[in-house]
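Okay, structure first, notes after.
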Amino acid sequence: MSLKNNLLLQKLYPWLIWTLAAGFFFYKYFIQVSPSVISSQLMNTFALSGAGLGHLAACFFYAYLIMQIPAGLILDRYSPRMILFLASFLCAVGILIFAHSQQLYWAELSRFLNGLTAAFAAVACFKLITLWFPPERFALMAGLSMAMAMLGAISGEAPLSYLVSRYDWRKSLEIIAVFGFLLSFLILFILSDKKTDGAQRKKPEKLFPNIKGICKNRQTWLLSLYSGLAFSPVSVFGGLWGVSFIEKAYGLVSINAASAVSLIFVGFAIGSPFSGWLSDYMQRRKPLMWFGTLTAFLSLSLILYAPISSFILYFLLFLFGLGTSCFFLCFSMIKEIHSLVFAGTVLGFMNTFDSLCEALTEPFVGKLLDISWNGQQLNGVRLFSVVDYRFGLSVLSIYLALSIFLLFFIKETGTHCK
């Protein structure tokens, strides 16, 4: 009986490790999209313009951007357990500081700290998958991880909106910080490092030269650029500007608009594991990436420009998320063209492009809104029209069109790892 229990524990423990790592991935997306629900409160509290709000939200991505490759290098060399504990703990500290910020610079610094620590979430999750699961399971497990992340994004929309309506935005974020501290200590006491990790890790001096080899690969750049352009529309629309656009364009109250935007992440959560499984079954990645990115482009374009009913809006938001979910197959592709030893570094390199696009686009959309703004205000908060939003958000449709174009130059990898 004891032997059976040990065998069962050996089978279940990788899943427990994944659950904890994916839990931090969930938490990362929750705090990433949270400004979309409290955008008007933030604009009022800190007297922000559209560009100012975009900059505050993007402070997360500025830090996330500069930390991606270092995060991959650190995870390839040192203990994932301690790194994840420190990252999740400090991430919760950042939320607590944000909740108590009275001056804009404190809000920006705390948002920056959140991005700095959340940078480890995705890379650590994918790195642990490569360590604890067989290579043929990577696409499916990565899809499940993205599904968990999207559940975090869903929770950062309507549930957070309800919490804010019941308390206020500061108290709500304090509650979220408590959950972050609990998660960090679960990681500390439950997660362990695989004993074979040390034998597989390279010394730091052998890791850094390999970045040059990664950068010389043309497919690395194409896949990374595709990743940033294909995913940032979901992040920017769902994470900041989507709720306020839908309120204005479709006449929905805040909590209903947040619920509608949540459908993007529902579609993404369903599509990620399914497309991962289907691509493994087909032993091809690109057909699903073609279909998904084109679906996302058409869905978002109709949401922004077509006169549609609320029912069609809900369906298209779901379809937008479902289509975009196929983008994550590029993570499997980039892993398949590089050695597994450097999985953390390679995935960090790709994530750098995601965060770069997001960091540039959130304030850029805000700037376009300010340019189009006709001067209307209410209680010191700028009121943007539907025309303003369509003008500002048009850049997201352009991103998706460019990502479709890039697919012509990306080579199929099948499901074969180096």
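Once you know that position 399 of the sequence shown is 1173 in this note's numbering, the rest is easy, because the numbers rise by one and skip nothing.
Glycine included, each C-beta is placed from N, C-alpha and C at the ideal position.
These figures come from a predicted structure and were not determined experimentally.
If you compare the alpha carbons of Y803, G1095, P844 and Y936 with that of V1040, the shortest gap goes to G1095.
DSSP places R944 within a helical segment (H, G or I) once states are collapsed to three. Under the three-state reduction of DSSP, R992 is assigned to helix. Rounded to whole angstroms, the gap between the alpha carbons of L1090 and I1077 is 7 Å. One alpha carbon belongs to P788, the other to F912, and they sit about 13 Å apart. T1067 places its beta carbon less than 9 Å from that of S1177.
Between F804 and Y836, the C-beta spacing is not below 9 Å. With the rule of 3 Cβ pairs closer than 8 Å, the region 925-933 does not count as touching the region 815-833.
In the same chain as F1042, and ignoring 5 residues on each side of it, the C-beta atoms closer than 8 Å to its own belong to M920, A921, M924, A927, V1008, G1095, L1096, T1098 and S1099, in chain order.
Buried is the label assigned to K1109, since at least 16 other Cβ atoms lie within 10 Å of its Cβ. Judged by DSSP in its simplified three-state form, L956 adopts helix. Between the region 854-867 and the region 881-900, the count of C-beta pairs closer than 8 Å reaches three or more; the two stretches touch. In the displayed model, Q877 falls within coil according to three-state DSSP, outside both helix and strand. In the three-state reduction of the DSSP assignment, R855 falls in the helix class, which pools H, G and I. Annotation for K1109: the continuous alpha helix (DSSP H) segment containing it runs L1103 to E1110. Leaving aside the five residues that flank S998 on each side, the residues in its chain whose CB is nearer than 6 Å to its CB run, in chain order, M1124 and F1127.
Excluding the 5 residues flanking it on each side, G1045 has same chain C-beta neighbours closer than 6 Å at L1096 and S1099, in chain order. Using a Cβ distance threshold of 9 Å, G1140 and G826 count as a contacting pair.
The DSSP-derived three-state label of R1164 is helix.
Taken atom to atom, the span from the alpha-carbon of I1184 to that of G1012 is near 27 Å.
With contacts defined as CB atoms closer than 9 Å, L947 and S810 fail to qualify as a contacting pair. Collapsing the DSSP output to three states places V1155 in a strand. With respect to L1103, L960 sits apart: the two C-beta atoms are not nearer than 9 Å. Distance check between S1075 and each of M1063, L1167, G1050 and W880 places L1167 closest, using alpha-carbon atoms only. DSSP, read as helix, strand or coil, puts P908 in coil. Residues of the same chain with a CB within less than 7 Å of the CB of Q1151, apart from the 5 flanking positions on each side, are L1157 in chain order. Annotated three-state conformation of N1030 is helix, per DSSP. Non-local beta-carbon contacts of V1017 in its own chain, meaning distances under 6 Å to residues more than five positions away in sequence, involve S810, A1031, A1032 and V1035 in chain order. W789 carries a helical assignment under DSSP once its states are collapsed to helix, strand and coil. Residue L1181 holds the alpha-carbon nearest to the alpha-carbon of L996 among L1181, L1143, I791 and M856.
In the structure shown, the three-state DSSP call for S1075 is helix.
Taking the CA atoms as reference points, S958 sits about 8 Å from L858.
Rounded to the nearest angstrom, the gap between the Cα atoms of I950 and Y879 is 21 Å. Look at W1015 here: in three-state DSSP terms it is helix. With respect to the 9 Å criterion, L914 and G1050 are classified as neighbours on the basis of their beta carbons.
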